[in-house]
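All residue numbers in the sequence shown are consecutive under this note's numbering, ending with 580.
Every residue, glycine too, gets a C-beta built ideally from N, C-alpha and C.
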Amino acid sequence: MRPLSLLLVPGLALCVLVLPACVSLRSAGPARPGIAQASCADLVQSFSHPGLHLLSAQRIDAGTLKVPGIAQSMPEHCVVTGRLNERKSPVDGKDYAIGFEMRLPTQWNGRFFYQANGGLDGFLSPAYGNILGGGPLSNGLLKGFAVLSSDAGHAFERTNPQIGAAVFGLDPQARLDYGYNAVAQLTPMAHALITHYFGRPADKAYLVGTSNGGRHGMVAAARDTGRYDGILVTTPGYNLPLAAVAQVWGAQQFATVARSRKADGVPDLGSSFTAAELGLVSSAILERCDALDGLKDGIVQDFAGCQRAFDPMRDVPQCADDQDASAACLSIERKRVIAKVFAGPGVYTGMPWDPGIRGGNWREWKFANSVGPRDAIALAFVFTTPPSSPQVVSGAGTTVADYALHFSLDKDAPKVHARDGIYTQSAMEFMTPPDPAGMRGFVDRGGKLLVAHGAADPVFSALDTVRWMESFSGRHGAKSRDSARLFIVPGMNHSSGGPATDQFDMVDALVAWVEQGAAPESIVASARGPGANVPNPEVPADWSPTRTRLLCAWPAVARYRGAGDTERASSFACSAP
Numbered sequence: 004m005r006p007l008s009l010l011l012v013p014g015l016a017l018c019v020l021v022l023p024a025c026v027s028l029r030s031a032g033p034a035r036p037g038i039a040q041a042s043c044a045d046l047v048q049s050f051s052h053p054g055l056h057l058l059s060a061q062r063i064d065a066g067t068l069k070v071p072g073i074a075q076s077m078p079e080h081c082v083v084t085g086r087l088n089e090r091k092s093p094v095d096g097k098d099y100a101i102g103f104e105m106r107l108p109t110q111w112n113g114r115f116f117y118q119a120n121g122g123l124d125g126f127l128s129p130a131y132g133n134i135l136g137g138g139p140l141s142n143g144l145l146k147g148f149a150v151l152s153s154d155a156g157h158a159f160e161r162t163n164p165q166i167g168a169a170v171f172g173l174d175p176q177a178r179l180d181y182g183y184n185a186v187a188q189l190t191p192m193a194h195a196l197i198t199h200y201f202g203r204p205a206d207k208a209y210l211v212g213t214s215n216g217g218r219h220g221m222v223a224a225a226r227d228t229g230r231y232d233g234i235l236v237t238t239p240g241y242n243l244p245l246a247a248v249a250q251v252w253g254a255q256q257f258a259t260v261a262r263s264r265k266a267d268g269v270p271d272l273g274s275s276f277t278a279a280e281l282g283l284v285s286s287a288i289l290e291r292c293d294a295l296d297g298l299k300d301g302i303v304q305d306f307a308g309c310q311r312a313f314d315p316m317r318d319v320p321q322c323a324d325d326q327d328a329s330a331a332c333l334s335i336e337r338k339r340v341i342a343k344v345f346a347g348p349g350v351y352t353g354m355p356w357d358p359g360i361r362g363g364n365w366r367e368w369k370f371a372n373s374v375g376p377r378d379a380i381a382l383a384f385v386f387t388t389p390p391s392s393p394q395v396v397s398g399a400g401t402t403v404a405d406y407a408l409h410f411s412l413d414k415d416a417p418k419v420h421a422r423d424g425i426y427t428q429s430a431m432e433f434m435t436p437p438d439p440a441g442m443r444g445f446v447d448r449g450g451k452l453l454v455a456h457g458a459a460d461p462v463f464s465a466l467d468t469v470r471w472m473e474s475f476s477g478r479h480g481a482k483s484r485d486s487a488r489l490f491i492v493p494g495m496n497h498s499s500g501g502p503a504t505d506q507f508d509m510v511d512a513l514v515a516w517v518e519q520g521a522a523p524e525s526i527v528a529s530a531r532g533p534g535a536n537v538p539n540p541e542v543p544a545d546w547s548p549t550r551t552r553l554l555c556a557w558p559a560v561a562r563y564r565g566a567g568d569t570e571r572a573s574s575f576a577c578s579a580p
């Protein structure tokens, strides 16, 4: 009876849950501003929804809340917390619910913003509406959106911090909530709450997220979950289970050239390549690729051209047999390892060459997260069927790193495709977008998808996202540009950072595309040098601290015009590859 109980919810909830094929009931054209009509203090008593347990509703006065890095104080708003679909698992006996926070500005821009959070979720991040990139200057709440964030159906288990982010994977429903169901369940509730609070439905709905949040966005577009008008994703881990396999496989390759071991006997991956050695590779990439875009400026704009031009075995100086750990050369063994890691394990797309390999975030993901409480525990508990016992990675004499370094491509990797009587959907079914090149419902409705990816992302390959874009374009032909645009961010590591111009506002660009038909051909991105709101210490000293560059819609390349200030985006133009 649940769908029938929602027949009284105005607008979108009826369309989404009762008539899946119907056209969205949201208004055409730009969103209309509105103002709160209900009392924040009374929401816990006055608002109801099937399966909902509202916990609190509190008004936040204008000027009393500051978000780090953003100069302007947050506006007056109502912050609401609650849980949806509370239950006890029949598998692990633990309590679960889809936790959420929603922030409703008194002065509303008429839009809904689903803030899709990253990692393994499990935390209730403040629903400020992160607009992505490095050191954002604004957020969704400040722009006037009604913003929702979620823990995706599970809470971090604090009793065992080493594996606490992933043990929810023992519960089959929690897996599905994390994969796609939390978005599907929360979206109609959020629309109903918006309608109740503002006296009318949201005119437009947007979903924004990076990393796993980017995966949420790609999945929502492919499943057409919530009928979002616009979706913005950066660093999208849409093939997350396979990327995790590639991460632990890469860790195994680095382990073969580790120079030292930790106290527990596990190879210290950080000793496999020093920062200076990765800097050497970065410099070699710049030597071959920097000028391909018409200007030597420490940025490789011609992403595709660089993949053709650079060969680590040829272009990275090689040490003599009796030399090693030199800032001027790499041993043959290390050159082979770095080439092998970038080529990939076969089950997942290889990594692109980019000078951002020198970034600290690159080292963190490759040498720490791959064998720590990120990739390895996700594989152990969430992405493989059946999941591992907690003792496998935290029992006597065993660690998460042991699990990662002994993960077998032949015996263990196929488990990401496996199901059984309890876990009836494989990780590749519940985690990834079905028919990602199609997204037929989203495309047919006129939905808009903006995608940005750091060229030096160490965990989700930008080449994988390019491959998706090319498949999407092949499926939809010339009309694909009416639905999706991809922007590669040179030098950027995972979601931000690295030697990059990584500060940009694609939310405004997405709204302009959805509501005004202004499709983005380019986006201006800024460096965050000294004096920035959140400085990026990896901005090279020979760059202007306020350098700007064009990010161009794939496959166009930002090329220097041949004249003009080399530190300004206006001196560049997007051109054919």
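- Within the same chain, and ignoring the five residues on either side of residue 372 in sequence, the residues whose Cβ sits closer than 8 Å to its Cβ are 250, 378 and 462.
- Taken through DSSP and simplified to helix, strand or coil, residue 516 comes out as helix.
- Look at residue 441 here: in three-state DSSP terms it is coil, with no helix or strand label.
- About 7 Å separates the beta carbon of residue 203 from that of residue 37, a gap short enough to meet the 8 Å contact definition.
- Listed in chain order, the non-local C-beta contacts of residue 279 below 6 Å within the same chain comprise 330, local neighbours out to five positions each way being set aside.
- From the listed residues 172, 242 and 68, the smallest Cα separation to residue 96 is found for 172.
- Rounded to whole angstroms, residue 396 and residue 160 show a C-alpha spacing of 15 Å.
- Our two residues, residue 177 and residue 409, have alpha carbons roughly 27 Å apart in a direct line.
- Here residue 179 really is in contact with residue 433; their C-beta atoms are around 5 Å apart, less than 8 Å.
- Measuring C-alpha to C-alpha distances from residue 119 to each of 485, 302 and 150 identifies 150 as the nearest.
- By the Cβ criterion, the stretch 441-457 is in contact with the stretch 505-515, since at least three pairs of Cβ atoms, one from each stretch, lie closer than 8 Å.
- Separation of residue 423 and residue 383 (C-alpha to C-alpha, rounded to the nearest whole angstrom) is 16 Å.
- The beta carbon of residue 426 sits closer than 8 Å to those of 175, 178, 388, 389 and 390, all from its chain and outside the five residues before and after it, given in chain order.
- Here DSSP, grouped into helix, strand and coil, assigns residue 207 to strand.
- Sixteen is the threshold: when 16 or more other Cβ atoms of the shown chains lie within 10 Å of the Cβ of residue 188, as they do, the residue is buried.
- Close CB contacts of residue 299 within its chain, under the 7 Å cut and outside five residues either way in sequence, are with 293 (chain order).
- When the alpha-carbon of residue 305 is set against those of 270, 355 and 320, the nearest one is in 355.
- Only buried fits residue 494, as 16 or more other CB atoms lie within 10 angstroms of its CB.
- Linking residue 205 to residue 197 through their CA atoms gives a straight-line distance of about 7 Å.
- Leaving aside the five residues that flank residue 254 on each side, the residues in its chain whose CB is nearer than 7 Å to its CB run, in chain order, 272, 373, 374, 407 and 408.
- Residue 504 sits in coil when the DSSP states are folded into three classes, being neither helix nor strand.
- Ranked by Cα distance from residue 416, the options 402, 222 and 348 are led by 348.
- Spanning the alpha carbons of residue 559 and residue 46 requires a straight line of approximately 49 Å.
- Scanning its chain for C-beta atoms nearer than 6 Å, with the 5 sequence neighbours on each side dropped, one finds around residue 301 the residues 543, in chain order.
- Residue 525 and residue 286 have their C-alpha atoms some 27 Å from each other.
- Per DSSP, the continuous beta strand (DSSP E) segment holding residue 577 begins and ends at 575-578.
- DSSP assignment within the stretch 249-316 yields the following whole alpha helix (DSSP H) runs of 4 residues or more, N-terminal first: 278-292 and 306-312.
- Taking 3 residues as the minimum length, the beta strand (DSSP E) runs contained wholly in the stretch 122-188 are 149-153, in order along the chain.
- In the three-state DSSP reduction, residue 108 falls in the strand class (E or B).
- Assignment of residue 408 by DSSP, reduced to helix, strand and coil, places it in the helix class.
- Between residue 190 and residue 213 the beta-carbon gap is near 19 Å, outside 8 Å, which marks them as no contact.
- Within its own chain, the residues whose Cβ lies closer than 7 Å to the Cβ of residue 553, once the five positions on either side in sequence are excluded, are 525, 527, 561, 572, 575 and 577, listed in chain order.
- CA-to-CA, the gap between residue 442 and residue 339 works out to about 39 Å.
- With fewer than 16 other CB atoms across the displayed protein chains lying within 10 angstroms of its CB, residue 447 is exposed.
- Within the model, the alpha-carbon separation for residue 117 versus residue 108 is close to 14 Å.
- Taking each of 82, 100 and 281 in turn and checking the Cα distance to residue 54, the smallest one comes out for 100.
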